[in-house]
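Visitor: Structure below; questions to follow.
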Amino acid sequence: MRDGDHEELVTGSAQAAKAAKRLRGLVAWVEKPGRITTGEEISVRVPEQWIYRA
Numbered sequence: 187m188r189d190g191d192h193e194e195l196v197t198g199s200a201q202a203a204k205a206a207k208r209l210r211g212l213v214a215w216v217e218k219p220g221r222i223t224t225g226e227e228i229s230v231r232v233p234e235q236w237i238y239r240a
């Protein structure tokens, strides 16, 4: 790497994160793989959505 390359990478990363603000996709995880059957209890957490007003 040339001198200054690291600074350009950091600046570019910061700009990319700023440009992607509120444009990111869905984030999810599965704690136990398998099928969900009718009547089975599940837990869903949905954070406050900036696009929808309460």
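Counting the sequence shown from 1 gives a position; this note's numbering is that position plus 186. All residues carry an ideal CB built from backbone N, CA and C; glycine is no exception. All values reported here derive from a predicted model rather than from experimental measurement.
Could you give the distance in angstroms between the alpha-carbon of A206 and the alpha-carbon of V213?
Guide: C-alpha separation (whole angstroms): 15 angstroms.
Visitor: From E226 to G220, what distance separates their C-alpha atoms?
Guide: Each residue's alpha carbon lies about 12 angstroms from the other.
Visitor: Considering Cα atoms alone, identify which of I222, K204 and G211 is closest to Q235.
Guide: Checking every option, the nearest Cα to that of Q235 belongs to G211.
Visitor: For the candidate residues T223, Q201 and W215, whose alpha-carbon lies nearest to that of R231?
Guide: R231 has its Cα closest to that of W215, out of T223, Q201 and W215.
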